[in-house]
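Notes follow once the structure below has been shown.
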Amino acid sequence: MRELNVVISGFDHYADVDINPAYEVPKAIAERGLGEPSGPDDVLNEVQVKVHAVSLPVSFAKAWPMLKEGIEAVQPDIVIATGLKHSARSVMLERCATNLMDTERPDADNVIPRRKPIDPNGPAAYWTRLPLRSILQDFTDDSIAASLSSDAGTFVCNSLFYNLLNWMDTQDRVLGGFVSFPPVRPEQSSQHGLPLEQQIEAGRDVVRETVRYYLNPSSSDILIA
Numbered sequence: 001m002r003e004l005n006v007v008i009s010g011f012d013h014y015a016d017v018d019i020n021p022a023y024e025v026p027k028a029i030a031e032r033g034l035g036e037p038s039g040p041d042d043v044l045n046e047v048q049v050k051v052h053a054v055s056l057p058v059s060f061a062k063a064w065p066m067l068k069e070g071i072e073a074v075q076p077d078i079v080i081a082t083g084l085k086h087s088a089r090s091v092m093l094e095r096c097a098t099n100l101m102d103t104e105r106p107d108a109d110n111v112i113p114r115r116k117p118i119d120p121n122g123p124a125a126y127w128t129r130l131p132l133r134s135i136l137q138d139f140t141d142d143s144i145a146a147s148l149s150s151d152a153g154t155f156v157c158n159s160l161f162y163n164l165l166n167w168m169d170t171q172d173r174v175l176g177g178f179v180s181f182p183p184v185r186p187e188q189s190s191q192h193g194l195p196l197e198q199q200i201e202a203g204r205d206v207v208r209e210t211v212r213y214y215l216n217p218s219s220s221d222i223l224i225a
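In my numbering, the protein residues as written are 1 to 225.
And the structure:
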C-alpha cells in the first residue's frame, strides 16, 4: 500500500488562551488518525497516511526554521500549518500569504517588526496549495462553520505561511497551506468560536481532502477568489 506523510503544525500556548486549538488539533490528529474512509470507492482506501504534529513557538525568527526541521526529518507530501485567529467565529481557510511583517504586539521573543518584508527578494504574495472548494464541501457536510480568508494577517502566522509556500515553490510536488482556527468555545456556550472536537474534525477534513486531491488532482477543487 502506498504511504503518504503529512506534517501538520500548530503553535505553543498563547498568553491568556486557556485552550489553544492550533496546539490541540494537530496533536489530536496525529494521535487519532484520520478515521475511516467514506466508503469502498474512497481513494483513502489506497493509501496509508502518517500524520506528524509539530508544535512551534510564536516567533518570527524561530517558527519557520523549526517547521523546516520537522519537514526535513519527515520528507512529507503534504504540509498544513495552523494558527489561532482570536477574532474568528469559524474555521478560516487562508487563501494568500503576503510578503509582509507588520505588528504592534511582540512575538514570543519580544520582537515587533514594522512594515518589513519577510523575504526582500521574494514575490509580493503566494496562493495556497490546498483544495479549498472540496474542503469547504466537507465542512458543509459535517456542519462545521467555515469561511475563506483573504490572508493570514501580518503576524507570525502569515510569516510562517509565506515561508512555507516560498519553500514549496522549490519542490517538485508538495501540497500545503494554512488554516486559522477560532477560539475554543465550550459546549452549550454562547461565546464565539467552535467546540474543540468540532475543530479537530475540521482539521481531519482538511487533511483528508488534501490527500484525496494529492492522489486525484482536479482544478475544480481549487478556489482562489
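We put the CB at the ideal spot given by N, CA and C, even for glycine.
Taking the straight line between their C-alpha atoms, what separation do you get for residue i and residue j?
i	j	result
A88	P21	12 Å
I71	V7	7 Å
L175	D16	33 Å
P57	L160	11 Å
K50	E31	10 Å
L194	D142	13 Å
N121	M168	16 Å
Q191	R185	6 Å
A225	P217	The predicted position of A225 is uncertain, since its pLDDT is 44 and thus under 50; a value taken from the coordinates is nonetheless stated next. Straight-line Cα distance between these residues: approximately 19 Å.
P182	V156	16 Å
Buried or exposed: which applies to residue i, given that a residue is buried once 16 or more other Cβ atoms fall within 10 Å of its Cβ?
i	result
D119	exposed
D18	exposed
Q199	buried
R129	buried
N163	buried
S150	exposed
G35	exposed
W64	buried
Looking at residue i: is its Cβ nearer than 8 Å to the Cβ of residue j?
i	j	result
V78	T210	It is Ile, not Val, that sits at residue 78 in the sequence shown. For I78 and T210, yes; Cβs fall inside 8 Å.
I29	R204	yes
L148	L132	yes
F139	V91	yes
Y14	L67	no
M1	V47	yes
G177	E94	yes
Y23	S55	yes
T103	T170	no
Run through DSSP, which three-state label would residue i get?
i	result
N20	coil
Y14	coil
M1	coil
S220	helix
L100	coil
E72	helix
T210	helix
Q171	coil
V58	coil
V43	helix
T82	strand
L130	coil
S90	coil
Does at least one heavy atom of the ligand HEM sit under 7 Å from the Cβ of residue i?
i	result
L100	For the structure depicted, the ligand HEM is absent and the ligand set is empty, with no information on it obtainable.
Tell me which residues share the same chain as residue i and place their Cβ nearer than 7 Å to its Cβ, disregarding the 5 neighbours each side in the sequence.
i	result
K27	A53
P123	N99
V226	Only positions 1 to 225 of the chain appear in this structure, which leaves residue 226 out of reach.
Near residue i, which residues of its chain fall below 6 Å by C-beta distance, leaving aside the five closest residues on each side in sequence?
i	result
P37	L44, N45
A202	V91, I144
Among the residues of its own chain, which have a CB less than 8 Å from the CB of residue i, if the five just before and after it don't count?
i	result
P106	I112
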